[in-house]
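Here is the structure we will look at, set down as structure tokens.
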Amino acid sequence: MFNRGISTRTIRWVSVNRSCLNTFKLRATQQQKETTSRFYSTSGGSGGKTNHFIPLTLLGIGAIGLTYYNMNNNSKPPLAAIDPTNASIQGSPLFPSDKYPESINIVFVLGGPGSGKGTQCAKLVDDFKFIHLSAGDLLRKEQNTPGSEFGDLIAHFIKEGLIVPQEITINLLKNAIAESYEKNGGRNFLIDGFPRKMDQALSFEKIVSEGKLVLYFECPEEVMLQRLLNRGKTSGRADDNLESIKKRFTTFIQTSMPVVEYFADQNKVVKVNCNEPVDAVYKHVVQQFKEKKII
9 MFNRGISTRT IRWVSVNRSC LNTFKLRATQ QQKETTSRFY STSGGSGGKT
59 NHFIPLTLLG IGAIGLTYYN MNNNSKPPLA AIDPTNASIQ GSPLFPSDKY
109 PESINIVFVL GGPGSGKGTQ CAKLVDDFKF IHLSAGDLLR KEQNTPGSEF
159 GDLIAHFIKE GLIVPQEITI NLLKNAIAES YEKNGGRNFL IDGFPRKMDQ
209 ALSFEKIVSE GKLVLYFECP EEVMLQRLLN RGKTSGRADD NLESIKKRFT
259 TFIQTSMPVV EYFADQNKVV KVNCNEPVDA VYKHVVQQFK EKKII
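In my numbering, the protein residues as written are 9 to 303.
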């Protein structure tokens, strides 16, 4: 039903030897840490259907190979591109607007680590039957899948508080959206914790669908820190420790706030102060969604 073919460019990436993995980790870590700092607000307040999903093996090798190649040729990798025509993922949209003008509603849910994204998404799922897709959960699931070739790679990025290569993340989301749409007719999606970089935003809209809205949770950093430390006592998550949390805050400031600003320029952002009780925050979220005709 949908075009999920692998581009010639992606196939060329596959030829890169997997021995570059450690170099890729080191260089990518250094590159993200050198990103120019940006400020952000911390104010209080299927039957017989055949699946054609893109193999993550090919995409992951492509991500490693392309980045390694560009870094060793002293050029910026396409992952840093802002121009949609330079997006590193190739292919036609899963839901092109000319064929599916009102087919699905994509709501990106952004906010600093510990801002309460997952909690609010769960309430929207219960009350309005949204389909909640967490980029982080999908990555952790792939990381913990026995035999996954990219478990170690994903684990490294998560531990360092860095962003996993978009070829892996976007196609995990794309596959999950396609499966829900084809099997269950799901059309209202909350994409939690994504996009975290400009290249992710542009590539997602190019190959999946345009985002209808960004739900952005504002919260003071000290509040988010305390929430995460409390969660870390029982969550078992490798990134719920002080060192990883601080790295995640830095990454969010540097890379995710430009995404919020980009969508704000299109009048697609609603901001909610999440330094309030859960039910009070949720009331504001529902009100904003109704005003934007999302529900």
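The beta-carbon is built from N, C-alpha and C at its ideal position, and this holds for glycine as well.
A quick note: this is a predicted structure, and the numbers were derived from the prediction, not measured.
The residue from Ser243, Lys241, Gln234 with its alpha-carbon nearest to that of Gly120 is Gln234. Nearest neighbour of Arg239 by Cα position, chosen from Lys300, Ser123, Val115, turns out to be Ser123. Close CB contacts of Val222 within its chain, under the 7 Å cut and outside five residues either way in sequence, are with Phe116, Leu118, Val268, Phe271, Lys276, Val277 (chain order).
Your pair Leu147 and Leu180 checks out as a contact, with CB atoms roughly 7 Å apart and the cut at 8 Å.
Rounded to the nearest whole angstrom, the C-alpha separation of Arg245 and Leu141 is 18 Å. Separation of Lys241 and Leu250 (C-alpha to C-alpha, rounded to the nearest whole angstrom) is 12 Å. Within the region 188-248, the alpha helix (DSSP H) runs of at least 4 residues that lie entirely inside it are, in chain order, 206-215, 229-243.
By the Cβ neighbour-count rule, Phe297 is buried, with 16 or more other Cβ atoms within 10 Å of its own.
For Phe297, the uninterrupted alpha helix (DSSP H) run begins and ends at 286-299, by DSSP.
When DSSP states are grouped into helix, strand and coil, Leu170 belongs to the coil group. The shortest C-alpha to C-alpha distance from Ile112 to any of Glu187, Arg195, Tyr290, Val294 is the one to Arg195. In terms of CA proximity to Gly219, Ala209 leads the group Ile176, Ala209, Gly201.
Note on geometry: alpha-carbon atoms of Lys300 and Lys205 lie some 24 Å from one another.
Using a Cβ distance threshold of 7 Å, Ser211 and Ile166 do not count as a contacting pair. Non-local beta-carbon contacts of Lys255 in its own chain, meaning distances under 7 Å to residues more than five positions away in sequence, involve Glu168, Gly169 in chain order. Judged by beta-carbon spacing, Phe225 lies beyond the 7 Å limit of Val286, meaning their Cβ atoms are not closer than that value.
The beta carbon of Ser252 is closer than 6 Å to those of Gly169 in its chain, skipping five residues each way along the sequence. Between Lys125 and Asp200, the C-beta gap is smaller than 7 Å, which places the two residues in contact. The beta carbons of Ala143 and Gln151 sit about 12 Å from each other, so the pair does not count as a contact at 8 Å. DSSP lists no bridge partner for Ser156. Between Val133 and Gln295, the alpha-carbon positions lie close to 16 Å from each other. When the alpha-carbon of Thr259 is set against those of Phe136, Lys149, Ala186, Val172, the nearest one is in Val172.
Comparing alpha carbon positions, the residue from Gly193, Ala186, Asn192, Leu236 closest to Ser217 is Ala186. Ranked by Cα distance from Glu213, the options Thr263, Lys182, Val289, Thr127 are led by Lys182. When DSSP states are grouped into helix, strand and coil, Asn179 belongs to the helix group.
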